[in-house]
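S.K.:
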Amino acid sequence: MDVPGGGGGRGAPWRKMSKEELENQYSPSRWVVRRGAEEAMRTYSQIGDEATKKARATGRSLLDMPYGDGEGEKMDIYFPEEVSEALPFLVFFHGGYWQSGSKDTSAFMVSPLTAQGVAVVIVAYDIAPKGTLDKMVDQVTRSVVSVQKRYPGNRGIHLCGHSAGAHLAAMMLLANWTKLGVTPNLKGLFLVSGIYDLEPVMHTSENAPLLVTLEDARRNSPQWHLEMAPAQPADPGCRILVIVGQHDSPEFHRQSREFYQALRRRSWEASFEELRDVDHFEVLWNLTQKDYVLTQIILKTIFQES
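All letters in the sequence shown, in the order written, are residues 1 to 306 by the UniProt record's numbering.
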């Protein structure tokens, strides 16, 4: 059965998939290779929880800092041991298909990065059904503005997102900073196992709490914007790394590669990285390790740019 739909990407392979196959492709836990789906999710939550408790135990943090007036508009800021007025910042948006996840269990990368002099910000946003996609994009945009206003002397802000969080980070490439009155000192983005075209998700069970329409999907799809609008980079020096795990599903691979290619066509400074022998969850939880390849890539990129 062909999945209905029109517009950009008419020849995309997902349109030829049955509903069952599309569901399979967009269910990351079905593609784990070293454990069952439930065990993978438990391990992911456990590692995130332990990493966050470890980061908070240092006492070098500002927790639940507001970036807006909403109850869910909070962020945690973790600092290195030596704090200066000119720190590089990494701002992280958690995943969870826009309907689960929390900043309170998402400080995976904090300890390895703060140990090397990077301040890390973990952002909360209103997940579905309370939050709509439009609201989430607006919230994370304002969180970035808040970091810039709070630390105007920063040595560069890098955004990082995983899965749905990578989508939200990518949407920051389309933000109208002039309208918000502050242009953040964005130096780079790390987009980890993300979704950049939301239209296929409309045809899976993941859309039940999201209630995304075709109009919603296109308005909030960075892939669609890059293909339809002749936009050039606001800051040509902003580096974008699109990352996918070897054991992510073929559709996650296609989404990442096509978004990278669209960025290159629009003259963004983008690169693509497939990380060997990791699945959708391991690609993030391994950031708790200082010697992990992605940890080292992030640090190298930040200190090249800062």
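Just so you know, even glycine gets a beta-carbon here, dropped at the ideal spot from N, CA and C.
Could you name the residues of the same chain whose beta carbon sits closer than 6 Å to that of Pro-28, not counting the 5 residues immediately before and after it, in chain order?
M.R.: The sequence position of residue 28 within the sequence shown is 28, counting from 1. Excluding residues within five positions, the ones whose Cβ falls inside 6 Å are His-280.
S.K.: Helix, strand or coil for Ile-240 per DSSP?
M.R.: On the sequence shown, position 240 is the one that residue 240 refers to. If DSSP states are grouped into helix, strand and coil, Ile-240 belongs with the strands.
S.K.: Which residues in the same chain as residue 316 place their Cβ atom closer than 6 Å to its Cβ, once the five residues preceding and following it in sequence are excluded?
M.R.: Because the chain in this structure spans residues 1 to 306, residue 316 falls outside the shown range and cannot be described.
S.K.: In whole angstroms, what is the alpha-carbon distance linking Gly-48 and Ala-175?
M.R.: Looking up residue 48 in the sequence shown gives position 48. Looking up residue 175 in the sequence shown gives position 175. Cα-Cα distance, rounded: 29 Å.
S.K.: To the nearest whole angstrom, what separates the beta carbons of Ser-271 and Leu-241, a pair I think is in contact under 8 Å?
M.R.: Working through the sequence shown from its first residue, we reach residue 271 at position 271. Working through the sequence shown from its first residue, we reach residue 241 at position 241. Going by Cβ atoms, the distance from Ser-271 to Leu-241 rounds to 5 Å, so yes, they are a contact pair.
S.K.: Out of Pro-13, Gln-255, Gln-46, Ser-146, point me to the one whose CA is closest to Pro-222's CA.
M.R.: The residue given as residue 222 occupies position 222 in the sequence shown. Minimum Cα distance to Pro-222 is reached at Gln-255.
S.K.: List the whole-angstrom C-beta distance separating Asn-154 from Pro-88, where the pair is believed to meet the contact cut-off of C-beta under 8 Å.
M.R.: One-based indexing of the sequence shown puts residue 154 at position 154. One-based indexing of the sequence shown puts residue 88 at position 88. Correct: roughly 7 Å between the Cβ atoms.
S.K.: For a quick check, are the C-beta atoms of Thr-114 and Thr-52 less than 8 Å apart?
M.R.: What you label residue 114 is simply residue 114 of the sequence shown in a count that begins at 1. What you label residue 52 is simply residue 52 of the sequence shown in a count that begins at 1. Not closer than 8 Å, so no.
S.K.: Tell me the rounded alpha-carbon separation between Met-171 and Pro-152.
M.R.: Here the question's residue 171 lines up with position 171 in the sequence shown. Here the question's residue 152 lines up with position 152 in the sequence shown. Using only the alpha carbons, I get a separation of about 22 Å.
S.K.: By the three-class DSSP mapping on this structure, what secondary structure does Gly-165 have?
M.R.: Residue 165 sits at position 165 when you count from the first residue of the sequence shown. Correct three-state label for Gly-165: helix.
S.K.: Quick one: measure Cβ to Cβ for Trp-14 and His-247, integer angstroms, because I've assumed they're closer than 8 Å.
M.R.: If you number the sequence shown from 1, residue 14 lands on position 14. If you number the sequence shown from 1, residue 247 lands on position 247. So it is not a contact: roughly 19 Å between Cβ atoms.
S.K.: Whole angstroms are fine: how far does the CA of Glu-20 sit from the CA of Gln-148?
M.R.: For the purposes of this step, residue 148 is taken as residue 148 along the sequence shown, with counting starting at 1. For the purposes of this step, residue 20 is taken as residue 20 along the sequence shown, with counting starting at 1. Near 44 Å, if we compare the C-alpha coordinates of Glu-20 and Gln-148.
S.K.: Who are the Cβ neighbours of Thr-183 in its own chain at under 7 Å, not counting the five residues just before and after it?
M.R.: Here residue 183 refers to the residue found at position 183 of the sequence shown. Closer than 7 Å at the Cβ level, and outside the excluded window around Thr-183, lie Trp-177.
S.K.: Short check: CB of Pro-112 to CB of Leu-294, under 8 Å?
M.R.: Walking along the sequence shown from the start, residue 112 turns up at place 112. Walking along the sequence shown from the start, residue 294 turns up at place 294. No.
S.K.: By how many angstroms is the C-alpha of Lys-16 removed from the C-alpha of Tyr-67?
M.R.: Residue numbering aside, residue 67 sits at position 67 when the sequence shown is read from its first letter. Residue numbering aside, residue 16 sits at position 16 when the sequence shown is read from its first letter. So the alpha carbons of these two residues sit roughly 43 Å apart.
S.K.: Taking only runs that begin and end inside the stretch 26-52, name each unbroken alpha helix (DSSP H) of 4 or more residues, in chain order.
M.R.: Qualifying alpha helix (DSSP H) stretches: none in this window.
S.K.: Within 8 Å, do at least three Cβ pairs link the stretch 92-110 to the stretch 154-163?
M.R.: Touching, yes, given that three or more Cβ pairs across the two stretches are closer than 8 Å.
S.K.: Within 10 angstroms of the Cβ of residue 311, are there 16 or more other Cβ atoms? Answer buried if so, exposed if not.
M.R.: Any answer about residue 311 is impossible in this case: the structure gives the chain only from 1 up to 306.
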